[in-house]
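S.K.: Residue numbering for the sequence shown follows my numbering, beginning at 1 and increasing consecutively. For glycine and all other residues, C-beta sits at the position ideal for the given N, C-alpha and C.
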Amino acid sequence: MSDAVAAQKRPGPSVGVPSLKHCGVAPRLCATGTKPSSRLALTLNLGLQIVNIILRQPQRRGISKGLILDDLIYLKRLEGVKNISPQMSVASFVLAGKEESEANVYGVDFAYPEIRNLEIEKGKFFTSSDTARWLKVAVLGSNVAGELFPGQEAIGKKININSHYFTVCGVLSPKGEMFHYDFDQQVYIPDSTAYKRLTGSERVRTIIIQTADAEKAKSLVPLIEKGLLQRHQGVEDFRVRSQEEMLETMNQVSRTFTILLAAIAGISLLVGGIGIMNIMLVSVTERYREIGIRKAVGARKKDILAQFLVESVVLSLVGGFCGIIFGILIAKIISILGKWVFTIPISAVILPFLFSSIIGLFFGLYPAQKASSLDPVEALRYQ
1 MSDAVAAQKR PGPSVGVPSL KHCGVAPRLC ATGTKPSSRL ALTLNLGLQI
51 VNIILRQPQR RGISKGLILD DLIYLKRLEG VKNISPQMSV ASFVLAGKEE
101 SEANVYGVDF AYPEIRNLEI EKGKFFTSSD TARWLKVAVL GSNVAGELFP
151 GQEAIGKKIN INSHYFTVCG VLSPKGEMFH YDFDQQVYIP DSTAYKRLTG
201 SERVRTIIIQ TADAEKAKSL VPLIEKGLLQ RHQGVEDFRV RSQEEMLETM
251 NQVSRTFTIL LAAIAGISLL VGGIGIMNIM LVSVTERYRE IGIRKAVGAR
301 KKDILAQFLV ESVVLSLVGG FCGIIFGILI AKIISILGKW VFTIPISAVI
351 LPFLFSSIIG LFFGLYPAQK ASSLDPVEAL RYQ
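1. Let me confirm a value: N83 is counted as buried when at least 16 other C-beta atoms fall within 10 Å, else exposed. Which label applies?
2. Considering only C-alpha positions, which residue in the set R241, E225 and S242 is nearest to G234?
3. Count the other CB atoms within 10 Å of the CB of E114; is the residue buried (16 or more) or exposed (fewer)?
4. Please report the straight-line C-alpha distance between G97 and I344, rounded to a whole angstrom.
5. Going by DSSP, which residues form a beta bridge with M280?
6. To test your reading of the DSSP string, which unbroken alpha helix (DSSP H) runs of 4 or more residues are found completely within the region 43-117?
7. Can you check whether the CB of C169 is closer than 7 Å to the CB of F110?
8. Under the assumption that A217 contacts Q252 (Cβ atoms under 8 Å), give the Cβ distance between them as a whole number of angstroms.
9. What's the gap between the Cα of I336 and the Cα of Q185?
10. Give the secondary structure of R381 by DSSP, where H, G and I count as helix, E and B as strand, and everything else as coil.
11. Taking only runs of the alpha helix (DSSP H) that begin and end inside the region 303-348, which ones reach a length of at least 4 residues, in chain order?
12. Shorter than 7 Å from the beta carbon of E225 to some beta carbon of chain B?
13. Select from V221, I259, V314 and K295 the residue whose C-alpha is nearest the C-alpha of G273.
14. On a Cα-Cα basis, can you pick out the residue from A368, P376, L75 and E290 that is closest to Q392?
15. May I ask you to report which of helix, strand or coil DSSP gives S268?
16. With a Cβ-Cβ cutoff of 7 Å, do I159 and V108 count as a contact?
17. In this structure, does DSSP put D182 in helix, strand or coil?
18. With K136 as the anchor, note down where its beta strand (DSSP E) starts and where it stops.
19. At the level of alpha carbons, what is the spacing between E99 and V144?
20. Per DSSP, which one or two residues make a beta bridge with S242?
21. Output the residue ranges of the beta strand (DSSP E) runs that lie fully inside the region 145-226 and measure 3 residues or longer, sorted by chain position.
22. So for G123, helix, strand or coil by DSSP?
23. Determine the burial state of G123: buried for a count of at least 16 other Cβ atoms within 10 Å of its Cβ, exposed for fewer.
24. Consult DSSP for E236 and reduce its assignment to one of helix, strand or coil.
25. Does the pairing of the region 151-158 with the region 207-215 give three or more beta-carbon distances under 8 Å?
26. Give me the Cα-Cα distance between Y366 and G292, rounded to the nearest whole angstrom.
27. Grouping DSSP H, G and I as helix and E and B as strand, with all else coil, what is G292?
28. Near E202, which residues of its chain fall below 8 Å by C-beta distance, leaving aside the five closest residues on each side in sequence?
29. Just the Cα atoms here: how many angstroms apart are L317 and R289?
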């Protein structure tokens, strides 16, 4: 394999790019007038200008080697490619003295932080010079740094990867999990070092391409598929997916989940409304004499109607308030367990109160009308 991949002169990574804090600090972004995939991308701070090429088992055997480092040289020449990085799987275990961490070790390009929106908390990411010289340097995810060097400064310390000692040059800011990929539990080393000093294999698990904009990423997908298919002798041992396509898949899952929840909520509202109506009917029955006395002293029909409607709405609002509190608590617990972003849109608070009021009015109307229509003489006779 040519060393051109390691020695390519590309702009250094911009470490100051805002990270997709699916992470330590949850983003609070509001996107209006944009399509769902764009809104989701903004919420997670994901770039739609990303194309992922993933190694997969071919449907038929052939003479293709799979995704290899030489493919990066070809892909780099395509118009519109801004940055490109392999993701070479190296190890799943790291040692530092007596400490150990079950971390995934990947060989990546020095432009990886810019592509993935990674922020450096301490130290620095490795450079093009480090990559060209196959240096044994490593950047740790925040969890890995804490596991290997609890209460210590990790920068400059040595870690053991497959019996090779690497110097820690940087520690990433907490980022969390996304698409079942935990950024905080990763270790990154130069791709050239991974190939030359550790694996000796050109095989690449994933190739990540960053383009100038989302439209360019979308238009590149068929070109990449056609070019790689030719290079791989017609063997389709890869899959090309734009970030927008991945986000659209997430949107479809989200829409299905929303419909399911809406159906459950609709049934719950119906059951709750019937429950309120039954309670109010019992209340009317038990208060016949009270209603008769009120009418006897001058209460009008609309006064009785308003009284029971207000009681029905208040009862419904109390139920809605309890539902909001429990819903927030459950959502918070799920977000903690799943390492998801936890946000409470204002609509999630306003709409339940609105629906509670409507349910209270609708299902309280019949009991209220029954109470207001009572004959005061008959009501006073009721025992």
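M.R.: If we stick to the structure as given:
1. buried
2. Nearest C-alpha to G234: E225.
3. buried
4. 44 Å
5. DSSP, once it has assigned bridges, lists no residue as partnering M280.
6. 69-76 and 112-116
7. no
8. A Cβ-Cβ distance of about 19 Å is found for the pair A217 and Q252, leaving them out of contact under the 8 Å criterion.
9. 17 Å
10. helix
11. none
12. The chain labelled as chain B is not found in the depicted structure, where only one protein chain is given.
13. Of V221, I259, V314 and K295, the residue nearest in Cα terms is V314.
14. Any property of residue 392 remains undetermined from this structure, which presents the chain solely from 1 to 383.
15. helix
16. Not closer than 7 Å, so no.
17. strand
18. It is not in any beta strand (DSSP E) - K136 carries neither H nor E in the DSSP assignment.
19. Using only the alpha carbons, I get a separation of about 10 Å.
20. Looking at the DSSP assignment, S242 forms a beta bridge with V51.
21. The region 145-226 contains these whole beta strand (DSSP E) runs: 158-161, 164-172, 186-190 and 206-211.
22. strand
23. buried
24. coil
25. no
26. 18 Å
27. Helix, per DSSP.
28. M1, K65, I68, L69, D70 and Y195
29. 27 Å
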